[in-house]
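Please read the structure below before turning to the comments.
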Amino acid sequence: VCAPPCQNKGSCSRPQTCVCRSGFQGPRCEHAVPEQEYRPRSAHRQAPGAGSPLRISRHKNSSSAVQGPTSTGSQS
(Lines of atoms letter the chains of each structure in order from A and count residues from 1; the text may use other names and numbers.)
(Lines give C-alpha, C1' and ligand atoms only; values in the text may rest on other atoms or scores of the structure.)
Protein backbone atom coordinates (compact mmCIF):
# COMPACT_ATOMS: atom_id res chain seq x y z
CA VAL A 1 0.00 0.00 0.00
CA CYS A 2 1.32 3.43 -0.92
CA ALA A 3 0.66 6.15 1.64
CA PRO A 4 0.13 8.84 0.54
CA PRO A 5 -1.43 7.23 -2.55
CA CYS A 6 -0.03 7.51 -6.09
CA GLN A 7 -1.40 10.46 -8.08
CA ASN A 8 -2.36 10.94 -11.74
CA LYS A 9 -3.55 7.32 -12.14
CA GLY A 10 -0.18 5.90 -11.07
CA SER A 11 -0.29 2.42 -9.58
CA CYS A 12 1.22 1.12 -6.36
CA SER A 13 3.35 -1.85 -7.44
CA ARG A 14 4.66 -2.69 -3.94
CA PRO A 15 4.78 -0.89 -0.59
CA GLN A 16 5.75 2.76 -1.07
CA THR A 17 6.60 2.27 -4.79
CA CYS A 18 4.49 4.06 -7.39
CA VAL A 19 4.65 3.19 -11.09
CA CYS A 20 3.81 6.35 -13.01
CA ARG A 21 1.93 6.55 -16.29
CA SER A 22 3.74 8.07 -19.21
CA GLY A 23 3.92 11.84 -18.78
CA PHE A 24 4.27 11.83 -14.99
CA GLN A 25 7.15 11.33 -12.58
CA GLY A 26 8.06 11.75 -8.93
CA PRO A 27 7.77 9.54 -5.85
CA ARG A 28 3.96 9.76 -6.05
CA CYS A 29 3.65 10.56 -9.81
CA GLU A 30 2.82 14.12 -8.79
CA HIS A 31 4.91 15.95 -11.41
CA ALA A 32 3.79 16.35 -15.03
CA VAL A 33 6.63 15.95 -17.54
CA PRO A 34 6.74 18.32 -20.55
CA GLU A 35 5.67 16.50 -23.75
CA GLN A 36 9.11 16.60 -25.38
CA GLU A 37 10.55 14.61 -22.46
CA TYR A 38 8.21 11.60 -22.78
CA ARG A 39 8.25 10.78 -26.46
CA PRO A 40 8.61 7.11 -27.49
CA ARG A 41 12.36 7.14 -26.83
CA SER A 42 11.63 7.31 -23.10
CA ALA A 43 9.18 4.41 -23.22
CA HIS A 44 11.68 2.25 -21.35
CA ARG A 45 10.82 4.22 -18.21
CA GLN A 46 7.40 2.63 -17.98
CA ALA A 47 7.22 -0.74 -16.26
CA PRO A 48 5.55 -3.56 -18.21
CA GLY A 49 1.85 -3.85 -17.41
CA ALA A 50 1.75 -0.44 -15.76
CA GLY A 51 -1.49 0.90 -17.20
CA SER A 52 -2.09 2.64 -20.49
CA PRO A 53 0.59 5.04 -21.69
CA LEU A 54 -0.66 8.48 -22.67
CA ARG A 55 1.51 9.22 -25.67
CA ILE A 56 3.47 6.18 -26.74
CA SER A 57 2.97 4.68 -30.19
CA ARG A 58 5.55 2.13 -31.28
CA HIS A 59 5.18 -0.07 -34.35
CA LYS A 60 7.89 -2.45 -35.51
CA ASN A 61 8.80 -2.15 -39.19
CA SER A 62 6.15 0.52 -39.73
CA SER A 63 8.33 2.39 -42.24
CA SER A 64 8.86 -0.70 -44.44
CA ALA A 65 5.13 -1.44 -44.39
CA VAL A 66 4.46 2.07 -45.69
CA GLN A 67 7.22 1.99 -48.32
CA GLY A 68 6.04 -1.22 -50.01
CA PRO A 69 2.69 -0.01 -51.43
CA THR A 70 3.97 3.46 -52.35
CA SER A 71 6.87 2.15 -54.46
CA THR A 72 4.79 -0.21 -56.66
CA GLY A 73 3.39 0.91 -59.99
CA SER A 74 6.33 3.20 -60.79
CA GLN A 75 8.28 0.62 -62.82
CA SER A 76 9.04 1.24 -66.51
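Quick note on numbering: the UniProt record's numbering labels position 27 of the sequence shown as 27, and the sequence is numbered without any gaps. From the three backbone atoms N, C-alpha and C, an ideal C-beta is built for every residue, glycine too. Every value quoted in this text rests on a predicted model; they were computed, and no experiment measured them.
With fewer than 16 other Cβ atoms from the protein chains shown falling within 10 Å of its own Cβ, valine 1 counts as exposed. By the criterion of a C-beta distance shorter than 7 Å, phenylalanine 24 is surrounded in its chain by Asn8, Gly10, His31, Ala32, Val33, once the five residues flanking it on both sides are discounted. Cβ contact annotation for arginine 28 (same chain, cutoff 8 Å, sequence separation greater than five): Cys2, Pro4, Pro5, Cys6, Gln7, Gly10, Cys18, in chain order. In the DSSP assignment, serine 13 falls within the unbroken beta strand (DSSP E) covering 11-14. For glutamine 25, the beta-bridge partners assigned by DSSP are His31. Cβ-Cβ distances below 8 Å link glutamine 16 to Cys2, Ala3 in the same chain, with the five nearest sequence neighbours on each side left out; the list follows chain order.
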